[in-house]
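Position in the sequence shown (from 1) plus 81 gives the number in my numbering.
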Amino acid sequence: MKQKQIAPTLPQVKEIKGYKAFQSLQERVTNMDRVTPLILQLHSEFMQDRHWKKLMGICKKQVDHNSPTFCLNDIIKLELFKFADDVNELVEGAQKEAKIEKKLDGFIKTWDDYNIDFLDHGETKKLGPLDEIMEEVDLQSMQLMAWNSSKDSQEFKEVIVKWQGILKKVDSVLTNWVKVQNNWARLEPIFLQSEDIRAQLPEETKRFEQVDLDWKALMADASDDPGVVATTNTEGRGEALTEMQTSIDKCEKALHEYLEQKKKIFPRFYFVSNQALLEILSNGNNPEKVNEFLGDCFDGMKQMTFVESDTQRPWKRACKMISKDKEVVDFKEIFTCTGQVESYLCDLERMMQETLKEIIIRAS
82 MKQKQIAPTL PQVKEIKGYK AFQSLQERVT NMDRVTPLIL QLHSEFMQDR
132 HWKKLMGICK KQVDHNSPTF CLNDIIKLEL FKFADDVNEL VEGAQKEAKI
182 EKKLDGFIKT WDDYNIDFLD HGETKKLGPL DEIMEEVDLQ SMQLMAWNSS
232 KDSQEFKEVI VKWQGILKKV DSVLTNWVKV QNNWARLEPI FLQSEDIRAQ
282 LPEETKRFEQ VDLDWKALMA DASDDPGVVA TTNTEGRGEA LTEMQTSIDK
332 CEKALHEYLE QKKKIFPRFY FVSNQALLEI LSNGNNPEKV NEFLGDCFDG
382 MKQMTFVESD TQRPWKRACK MISKDKEVVD FKEIFTCTGQ VESYLCDLER
432 MMQETLKEII IRAS
């Protein structure tokens with residue numbers, strides 16, 4: 082016959098709570114209750130080996146989470162309930178790191194897809210529009226700066242700093258590259274096509290010819306590998322562009338001094354732009370071409386009328402001057418454009434004055 086089980090009375094329950102065995106069991110249950118959600122967090126897909134190493138550093142105990150024998154008991158031994166806040170922070174940090182890592186991978190992939198457009202320019206190439214690339218450099222540099230200042234990106238510090246250096250190089254090289262290209266294109270017709278300037282500035286002409294050769298070689302090499310990062314971070318490319326710019330600066334300085342000399346001889350050259358003056362000087366042996374710029378040099382006269390009976394072009398003998406109001410005045414005698422352009426323009430100015438003086442005398 083079965084005995085009836087008698088439920089413990091209230092005094093008996095209170096007595097059990099005082100037992101060490103009960104207290105120990107209750108503590109284990111409480112700890113498991115705190116550990117269970119932590120275990121679920123450690124199961125996160127964002128937990129990498131480096132995070133497990135940090136976890137073991139926090140708990141001051143070692144477990145092999147990659148071992149096939151890894152089990153719940155190994156987790157329990159870590160006594161995670163003692164470090165609940167640290168574990169929560171670790172898992173949260175792992176999730177933030179994963180987001181940054183994904184964005185960083187996409188960032189690097191973006192630059193793999195960026196190429197520089199090289200356009201045909203005579204016998205060489207020239208840079209195409211760079212606005213989109215330079216805008217992207219600015220935006221991405223700001224993003225890298227934000228990541229670098231975040232505590233959640235410390236694991237990627239080395240990569241971030243590396244790419245900050247790469248984009249800084251991209252920005253400086255492209256900026257210098259555009260500057261060199263603009264200056265080279267502006268000086269090319271002056272030093273390579275103007276016989277007058279080549280004769281007057283032989284040393285600078287030789288220097289620019291070397292720049293021209295170096296430029297064409299650089300553009301040919303760069304256009305073979307047009308990737309933005311690759312072509313701007315090629316060893317020695319930034320230095321090569323800097324050397325070209327230094328040589329161009331010397332050529333421009335000599336050219337400026339040359340123009341100043343011409344302006345002192347014929348001061349009206351101060352009224353025209355340097356670009357127009359270079360056009361005049363480079364066509365000094367072609368008075369017909371210089372004739373197009375006379376209106377920039379004189380307030381009253383627009384151009385001369387040449388004697389077209391001459392068989393050899395360009396015409397160099399003029400018989401009339403035409404004002405900007407289309408008034409035609411015959412020179413007092415045939416005027417011949419000979420010698421340096423600044424010299425015969427001085428002679429032309431005197432011819433205008435003498436012609437008008439004679440007309441005034443006749444009219445008085």
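Just so you know, even glycine gets a beta-carbon here, dropped at the ideal spot from N, CA and C.
Task: Residue interval of the beta strand (DSSP E) (run including Asp411) - done: 409–417 is the span of the beta strand (DSSP E), which, as asked, contains Asp411.
TODO: Go through the region 169–230 residue by residue and report every complete run of the alpha helix (DSSP H) that reaches 4 residues or more, in order.
DONE: The alpha helix (DSSP H) runs of length 4 or more contained entirely in the region 169–230 are, from start to end of the chain, 212–229.
- [ ] Leaving out five residues on either side along the sequence, give the residues of the same chain with a beta carbon under 7 Å from the beta carbon of Met82.
- [x] Residue placement at Met82 cannot be trusted, given a pLDDT of 48 that sits under 50; what the coordinates show is reported in the next sentence. Excluding its 5 nearest sequence neighbours in each direction, Met82 has no C-beta neighbour in its own chain below 7 Å.
Open item on the list: Classify Glu423: buried if its beta carbon has 16 or more other beta carbons within 10 angstroms, exposed otherwise.
Closed with: Glu423 should be labelled buried.
Task: With 16 other Cβ atoms within 10 Å as the buried cut-off, status of Glu439 - done: Exposed: under 16 other Cβ atoms inside 10 Å.
Task: Closest by C-alpha distance to Arg288, when choosing among Glu333, Glu316, Gln262 - done: Looking at the Cα atoms, Glu333 is the closest of the given residues.
Task: Reduced DSSP category for Gly308 - H, G, I as helix; E, B as strand; rest coil - done: Looking at Gly308 - three-state DSSP - the assignment turns out to be strand.
TODO: Using three-state DSSP, classify Arg398 as helix, strand or coil.
DONE: Look at Arg398 here: in three-state DSSP terms it is strand.
TODO: Check the DSSP bridge columns for Ser234 and list the partner residues they point to.
DONE: Its beta-bridge partners do not exist; DSSP assigns none.
Task: Ser275, buried or exposed, once every other Cβ within 10 Å from all chains shown has been counted against 16 - done: For Ser275, the number of other beta carbons within 10 angstroms of its own is at least 16, and it is reported as buried.
Open item on the list: Please report the straight-line C-alpha distance between Thr323 and Ile329, rounded to a whole angstrom.
Closed with: When rounded, the distance between both Cα atoms is 10 Å.
TODO: Measure the CB-CB distance between Leu336 and Leu358 and report whether it falls below 7 Å.
DONE: Cβ distance not < 7 Å, so Leu336 and Leu358 don't count as in contact.
Open item on the list: By the DSSP assignment, the alpha helix (DSSP H) with Gln281 in it spans what residues?
Closed with: Residues 276–281.
Open item on the list: Once DSSP output is grouped into helix, strand and coil, what is the label at Gln436?
Closed with: The amino acid occupying residue 436 in the given sequence is Thr; Gln does not appear at that position. DSSP places Thr436 in helix when its eight states are reduced to three.
- [ ] Go through its chain and collect everything with a Cβ distance to Leu208's Cβ below 6 Å, but skip five positions before and after it.
- [x] Taken in chain order, the residues that qualify are Gln262.
Open item on the list: With H, G and I counted as helix, E and B as strand and the rest as coil, what does DSSP make of Met82?
Closed with: Per-residue confidence for Met82 stands at a pLDDT of 48, beneath the threshold of 50, marking its modelled position as unreliable; the derived number appears in the next sentence. Reduced to three states, the DSSP call for Met82 is coil.
Open item on the list: So, with DSSP's three-state summary, where would you put Lys383?
Closed with: Note: Lys383 maps to strand in three-state DSSP.
Task: Close Cβ partners of Gln326 (< 6 Å) along its chain, the five nearest in sequence each way excluded - done: Answer for Gln326: Val261, listed in chain order.
Task: Status (buried if at least 16 other CB within 10 Å, exposed otherwise) for Gly365 - done: Buried.
Task: CB contact flag (Lys184, Asp233, <7 Å) - done: Cβ atoms of Lys184 and Asp233: not closer than 7 Å.
- [ ] Ignore the nearest five residues each way along the sequence and tell me which others in Leu248's own chain have a CB closer than 8 Å to its CB.
- [x] Result list for Leu248: Val218, Gln221, Ser222, Leu225, in chain order.
Open item on the list: So, with DSSP's three-state summary, where would you put Ser445?
Closed with: It is coil, neither helix nor strand.
- [ ] Enumerate in chain order the residues of its own chain whose CB-to-CB distance from Lys331 is below 8 Å, with the five nearest sequence positions on each side excluded.
- [x] So the qualifying residues of the chain are Glu285, Arg288.
- [ ] Locate the alpha helix (DSSP H) running through Lys405, then write down its first and last residues.
- [x] Counting along the chain, Lys405 sits inside no alpha helix (DSSP H), nor does DSSP assign it H or E at all.
Open item on the list: By the DSSP assignment, the alpha helix (DSSP H) with Arg318 in it spans what residues?
Closed with: First-last of the alpha helix (DSSP H) with Arg318: 318–346.
TODO: Can you give me the start and stop residues for the alpha helix (DSSP H) that Gln421 sits inside?
DONE: First-last for Gln421: undefined, no H or E at that position.
- [ ] Would you identify the three-state DSSP class for Leu91, choosing helix, strand or coil?
- [x] Legend: pLDDT at Leu91 = 48, less than 50; position of this residue unreliable, no value from coordinates given.
Open item on the list: Suppose you measure from the CA of Leu192 to the CA of Lys250; what does that come to, to the nearest Å?
Closed with: Looking at the sequence shown, residue 192 is not Leu but Trp. Their backbone Cα atoms lie some 14 Å apart in a straight line.
Task: Nearest-angstrom Cβ-Cβ length linking Ala321 and Leu299, presumed shorter than 8 Å - done: Yes, Ala321 and Leu299 are in contact; Cβ-Cβ is about 6 Å, under 8 Å.
Open item on the list: I need the straight-line Cα distance from Val309 to Asp186, nearest angstrom please.
Closed with: Rounded to whole angstroms, Val309 and Asp186 show a C-alpha spacing of 17 Å.
Task: Where the alpha helix (DSSP H) containing Lys141 begins and where it ends - done: Annotation for Lys141: no alpha helix (DSSP H) segment contains it, and DSSP assigns it neither H nor E.
Task: Proximity of Val254 and Thr313 at Cβ, strictly below 7 Å - done: It is a contact, given that the beta carbons lie within the stated cut-off.
- [ ] List the endpoints of the continuous alpha helix (DSSP H) containing Asn355.
- [x] Start and end: 355–363.
Open item on the list: Looking only at its chain, what residues have a beta carbon closer than 6 Å to the beta carbon of Leu426, apart from the 5 residues adjacent to it on each side?
Closed with: So the qualifying residues of the chain are Phe347.
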